[in-house]
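Numbering (our numbering), first residue to last: 1398 to 1736. Built from N, CA and C at the ideal position, the CB exists for glycine as well. What you are looking at is a predicted structure, and each value in this text was computed from that prediction instead of being measured.
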Ligand code: DAH
């Protein structure tokens, strides 16, 4: 039996010397140490030994088993670390190779200018509010002093959902909603989308953007309106910018005006941007009509206010020198990435 054990040890040693994979190693472990393995088979015969021999052979058998077990463990560790080395070598990253450039998105020109306008008004203490794009006829027209038969409706044809519900043609309905929801003193701007049943061309779109402004308090006068809008023009187009207030008519303001700024491109001399005028119109404004204040639940005897409406697309086109507003909606990356 001693001889048998010695042979097992030798054979195992030889087999382990040649092993080259973890699978092979496991097969060897099973062959020699497993329940049905060679060593177990020998141990089962120990019952036939004399009482003197048994402990001696038992000790040798144990030594052989421990020897094989520890050799198997060593070999397993070696094979695992060799496998890890091979994998690491395989996965080596060459950090000197040029990377793949990732396109970074950025703000749309409409958002760039809108953010600027918001910041300018926030700096003057205005809150930013919003109103629904699907609006009641009452807020879009009626409460703004534009009754059913008023000619102003002709220039603002829109998309009707029912006789009384429509896509708003202007952000002015936000004036009434703001007055209903808040008490004076009131200082808000309300940017958003508006809709008109217009065909698309270089200066028209059935969907565009406006920014409404409203200030209501005791003792508000036309000079507050002028100071505020002059500040806006100077912050948007530079401190040299001049403003010009021309009389105009809007049903919801009295008196009303249109506001021009000196052309920021030519400084007022006349160029292609201002069509030789030296001035470009940027907004409509006026003192809130007493009827409109009343419709908003505000006493016109006690309070007065001014309002204004800016076309965002116009501002953007002047700002970046664009001559076709369709470029703002086509989402052509070659155009958008220039801003
Ligand atoms: N809502 C007008 C439009 O779409 C613009 C406007 C003019 C708004 C005068 C105002 C205002 O608040 O006072 O043509």
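query: Does DSSP put residue 1660 in a helix, in a strand, or in coil?
result: Position 263 of the chain shown holds residue 1660. In this structure, residue 1660 counts as coil in the three-state DSSP scheme.
- request: Pick helix, strand or coil for residue 1470, following the three-state DSSP scheme.
  value: Taking the first residue of the chain shown as 1, we reach residue 1470 at position 73. Note: residue 1470 maps to helix in three-state DSSP.
- prompt: How would you call residue 1557, buried or exposed, if buried means at least 16 neighbouring beta carbons within 10 angstroms?
  reply: Taking the chain shown and counting its residues from 1, one reaches residue 1557 at position 160. Exposed.
- request: Would you mind reading off the limits of the beta strand (DSSP E) that contains residue 1399?
  value: On the chain shown, residue 1399 is found 2 positions in, with the first residue counted as 1. Element bounds for residue 1399: not the beta strand (DSSP E) but the alpha helix (DSSP H), 1399-1415.
- request: Go through the segment 1572-1656 residue by residue and report every complete run of the alpha helix (DSSP H) that reaches 4 residues or more, in order.
  value: 1619-1634
- prompt: Cβ-heavy atom distance between residue 1683 and the ligand DAH below 7 Å?
  reply: Position 286 of the chain shown, counting from 1, holds the residue named residue 1683. Residue 1683: yes, Cβ under 7 Å from the ligand DAH.
message: Taking the straight line between their C-alpha atoms, what separation do you get for residue 1651 and residue 1549?
response: Translated into the one-based positions of the chain shown, residue 1651 becomes position 254. Translated into the one-based positions of the chain shown, residue 1549 becomes position 152. If I take the Cα positions, the gap works out to 15 Å.
Candidates 1505, 1689, 1457 and 1713, of which the one nearest residue 1600 by Cα: Counting from one through the chain shown, the residue named residue 1600 turns up at place 203. Comparing Cα-Cα distances from residue 1600 to each of 1505, 1689, 1457 and 1713, the minimum goes to 1713.
- request: Return helix, strand or coil for residue 1684, following the three-state DSSP convention.
  value: Within the chain shown, residue 1684 is the residue found at index 287, counting from 1. Strand at residue 1684.
query: Is the beta carbon of residue 1466 sitting closer than 8 Å to the one on residue 1439?
result: Along the chain shown, one-based indexing puts residue 1466 at 69. Along the chain shown, one-based indexing puts residue 1439 at 42. No, they are not a contact pair.
- prompt: So the beta strand (DSSP E) residue 1704 belongs to, where does it begin and stop?
  reply: As a position in the chain shown, residue 1704 is number 307, starting the count at 1. Counting along the chain, the beta strand (DSSP E) containing residue 1704 begins and ends at 1701-1708.
- prompt: How would you label residue 1374, buried or exposed, when you count the other beta carbons within 10 angstroms and need 16 or more for buried?
  reply: Residue 1374 lies beyond the residue range present for the chain, which begins at 1398 and ends at 1736; the question has no answer from this structure.
message: Could you check whether the Cβ of residue 1706 sits closer than 7 Å to any heavy atom belonging to the ligand DAH?
response: To locate residue 1706, count along the chain shown from 1; it is residue 309. Indeed, a heavy atom of the ligand DAH lies less than 7 Å from the Cβ.
Start-to-end residues for the alpha helix (DSSP H) that takes in residue 1511: Here the question's residue 1511 lines up with position 114 in the chain shown. Residue 1511 -> alpha helix (DSSP H) spans 1506-1520.
- prompt: Got a sec, what are the start and stop residues for the beta strand (DSSP E) residue 1564 sits in?
  reply: Against the chain shown, residue 1564 aligns to sequence position 167. Start and end: 1562-1564.
- request: Mind reading off the beta-carbon distance from residue 1611 to residue 1585? Whole number of angstroms is fine, and I expect it under 8 Å.
  value: Within the chain shown, the letter at position 214 stands for residue 1611. Within the chain shown, the letter at position 188 stands for residue 1585. Between residue 1585 and residue 1611 the Cβ distance is about 5 Å, and since that is below 8 Å, they are a contact.
- prompt: Who pairs with residue 1557 in a beta bridge, going by DSSP?
  reply: As a working mapping, residue 1557 is identified with position 160 in the chain shown. For residue 1557, which the question treats as bridged, DSSP gives the partners 1563.
- prompt: What's the call for residue 1495, buried or exposed, on a 16-neighbour Cβ count within 10 Å?
  reply: Translated into the one-based positions of the chain shown, residue 1495 becomes position 98. It is exposed - the Cβ of residue 1495 has fewer than 16 other Cβ atoms within 10 Å.
Buried versus exposed call for residue 1553 [16 or more other C-beta atoms within 10 Å across all chains shown]: Residue mapping note: residue 1553 aligns to position 156 of the chain shown, counting from 1. Classification for residue 1553: buried.
message: the ligand DAH and residue 1609: does any heavy atom of the ligand fall closer than 7 Å to the residue's C-beta?
response: Taking the chain shown and counting its residues from 1, one reaches residue 1609 at position 212. For the ligand DAH, at least one heavy atom lies less than 7 Å from the Cβ of residue 1609.
field: Range of the contiguous alpha helix (DSSP H) that encloses residue 1733
entry: The residue given as residue 1733 occupies position 336 in the chain shown. Per DSSP, residue 1733 belongs to the alpha helix (DSSP H) from 1730-1733.
- prompt: Whose C-alpha, out of 1588, 1484, 1507 and 1517, is nearest the C-alpha of residue 1715?
  reply: By 1-based counting over the chain shown, the position of residue 1715 is 318. Taking only the C-alpha atoms, the option nearest residue 1715 is 1507.
query: Can you round the beta-carbon distance between residue 1641 and residue 1621 to whole angstroms, since I take them to be within the 8 Å contact cut?
result: Here residue 1641 corresponds to residue number 244 of the chain shown, with the count starting at 1. Here residue 1621 corresponds to residue number 224 of the chain shown, with the count starting at 1. The Cβ separation is near 18 Å, so there is no contact.
query: What alpha helix (DSSP H) runs, 4 residues minimum, are completely inside the segment 1422-1450?
result: 1435-1441
- prompt: Under 8 Å, do residue 1429 and residue 1411 count as touching if we go by C-beta distance?
  reply: Translated into the one-based positions of the chain shown, residue 1429 becomes position 32. Translated into the one-based positions of the chain shown, residue 1411 becomes position 14. In this structure, residue 1411 does not lie closer than 8 Å to residue 1429 by Cβ.
- prompt: Is it buried or exposed for residue 1581, if we count other Cβ within 10 angstroms and need 16 for buried?
  reply: As a position in the chain shown, residue 1581 is number 184, starting the count at 1. Buried.
- prompt: Can you tell which of 1634, 1683, 1609 and 1725 has the C-alpha that lies nearest to the C-alpha of residue 1527?
  reply: Translated into positions along the chain shown, residue 1527 becomes position 130. Ranking 1634, 1683, 1609 and 1725 by Cα distance to residue 1527 puts 1609 first.
message: Checking 8 Å against the spacing of the C-beta atoms, do residue 1703 and residue 1562 come in under that value?
response: Within the chain shown, numbered from 1, the residue matching residue 1703 stands at position 306. Within the chain shown, numbered from 1, the residue matching residue 1562 stands at position 165. Not a contact, by the Cβ cut-off of 8 Å.
task: Pull up the distance between the alpha-carbon of residue 1460 and that of residue 1481, whole angstroms please.
output: In the chain shown, residue 1460 corresponds to position 63, counting from 1. In the chain shown, residue 1481 corresponds to position 84, counting from 1. Distance between the alpha carbons of residue 1460 and residue 1481 is about 32 Å.
message: When you measure from the CB of residue 1527 to every non-hydrogen atom of the ligand DAH, does any distance come out below 7 Å?
response: Residue numbering aside, residue 1527 sits at position 130 when the chain shown is read from its first letter. Every heavy atom of the ligand DAH is 7 Å or more from the Cβ of residue 1527, so no.
- request: Can you tell me which of the three DSSP states residue 1713 falls into?
  value: For this step, residue 1713 is matched to residue 316 along the chain shown. Of the three classes helix, strand and coil, the one that applies to residue 1713 here is helix, per DSSP.
query: Mind checking whether residue 1638 and residue 1659 have CB atoms under 8 Å apart?
result: Residue 1638 sits at position 241 when you count from the first residue of the chain shown. Residue 1659 sits at position 262 when you count from the first residue of the chain shown. For residue 1638 and residue 1659, yes; Cβs fall inside 8 Å.
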